[in-house]
Amino acid sequence: MTDGDRPRLAGLRGEPDVYRAAEDSHLLAKAAAARIESDDLVLDLGTGSGYVGRKVAEACSARVVASDLNPHACRQAHNAGLAAVRTDMVSAFRDDSFDWVLFNPPYLPTPEDREWGDWMEQALSGGEDGRAVVNPFLASVRRVLAPGGRALLLVSSLTGLDAVRNMARNEGLMTAEAAEEQFPSERLVVLELTPTGT
Ligand SMILES: C[S@@+](CC[C@H](N)C(=O)[O-])C[C@H]1O[C@@H](n2cnc3c(N)ncnc32)[C@H](O)[C@@H]1O
-13 MTDGDRPRLA GLRGEPDVYR AAEDSHLLAK AAAARIESDD LVLDLGTGSG YVGRKVAEAC
47 SARVVASDLN PHACRQAHNA GLAAVRTDMV SAFRDDSFDW VLFNPPYLPT PEDREWGDWM
107 EQALSGGEDG RAVVNPFLAS VRRVLAPGGR ALLLVSSLTG LDAVRNMARN EGLMTAEAAE
167 EQFPSERLVV LELTPTGT
């Protein structure tokens, strides 16, 4: 997501209901492929088209489960060959399930009166401060990580990197930059999240 007018951009891409892989997806997939090992069990959370999950399955021979709130995204990920589960965040999954959780969340700060109310909004809008979906993710991801498990979270300078790091620390997660890329309007960062005390 690097365009300032993303709802319009999404429409122009001809994919009205499912986020199509972009620079953020590529950065997350690259960072994940460099870390995940064969036979790791991976959750591609907010899978969209299934792009990140497919890349990881191909590059690492990992076992991937894709999930999304958006039923159109689940269908697309399923058609791309991934096991897909429709659920809000990680609520459908058991404790201690995954070696890795990967998430490229909606993170664009969007004032309430600019919300536009469709599946593409769910893919892009992070509410007023950009962290409306990031914060519940940080609060819930630790539960589904297997012992030794970690998460990779894509964030943007638009989302408030320090606020995300602070929230992660409060939820018992150490953060380290796994990858980053600078664009004219934002810096994209992949944060590696490791539960403390494990
Ligand atoms: C920026 S898109 C990323 C799509 C894909 N992972 C990629 O990188 O191309 C964010 C995705 O998160 C999904 N999403 C938003 N809120 C969610 C929630 N509470 N639970 C699960 N998925 C959610 C959206 O439907 C959307 O598919």
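Under the numbering used here, the first residue of the sequence shown is numbered -13, with each subsequent residue one higher. Quick reminder that beta carbons are idealized off the backbone N, C-alpha and C, glycines included. Everything numeric in this text was worked out from a predicted model, so none of it was measured.
Which of helix, strand or coil DSSP assigns to residue i
i, result
"G(-10)", "Per-residue confidence for G(-10) stands at a pLDDT of 45, beneath the threshold of 50, marking its modelled position as unreliable; the derived number appears in the next sentence. Looking at G(-10) - three-state DSSP - the assignment turns out to be coil, as it is neither helix nor strand."
"W86", "strand"
"T180", "strand"
"R40", "helix"
"R6", "coil"
"D99", "helix"
DSSP bridge partner residues for residue i (one or two, in chain order)
i, result
"F79", "Answer is none; F79 lacks a bridge partner."
"M153", "DSSP lists no partner for M153."
"T161", "L179"
"R173", "Q168"
"S111", "L94"
"L140", "V176"
"D148", "Answer by DSSP bridge pairing: none, since D148 is not bridged."
Rounded straight-line distance, which links the Cα of residue j to that of residue i
i, j, result
"V119", "P91", "7 Å"
"K41", "L29", "13 Å"
"E172", "D148", "15 Å"
"L27", "V50", "6 Å"
"H64", "A70", "6 Å"
"L179", "W102", "31 Å"
"A43", "V150", "28 Å"
"V175", "F89", "12 Å"
"G183", "A162", "16 Å"
"D99", "E23", "44 Å"
"M46", "K16", "First, the residue type needs correcting, since residue 46 is Cys and not Met in the sequence shown. In a straight line, the C-alpha of C46 is about 11 Å away from that of K16."
"E167", "L138", "15 Å"
N-terminal and C-terminal residue of the alpha helix (DSSP H) that residue i is part of
i, result
"S126", "V120 to V130"
"D10", "E9 to A19"
First and last residue of the uninterrupted beta strand (DSSP E) at residue i
i, result
"L27", "L27 to L31"
"R61", "Looking at the DSSP string, R61 is not in any beta strand (DSSP E); the run it does join, the alpha helix (DSSP H), is P57 to N65."
"S47", "Here S47 belongs to no beta strand (DSSP E), and DSSP marks it neither H nor E."
"R185", "As displayed, the chain neither begins before -13 nor continues past 184, which places residue 185 out of reach and without an answer."
Would you check if there are 3 or more beta carbon pairs closer than 8 Å linking the region 106 to 114 to the region 150 to 164?
no
Please confirm if the region 116 to 136 is in contact with the region 9 to 19, defined as three or more CB-CB distances below 8 Å between the two stretches.
no
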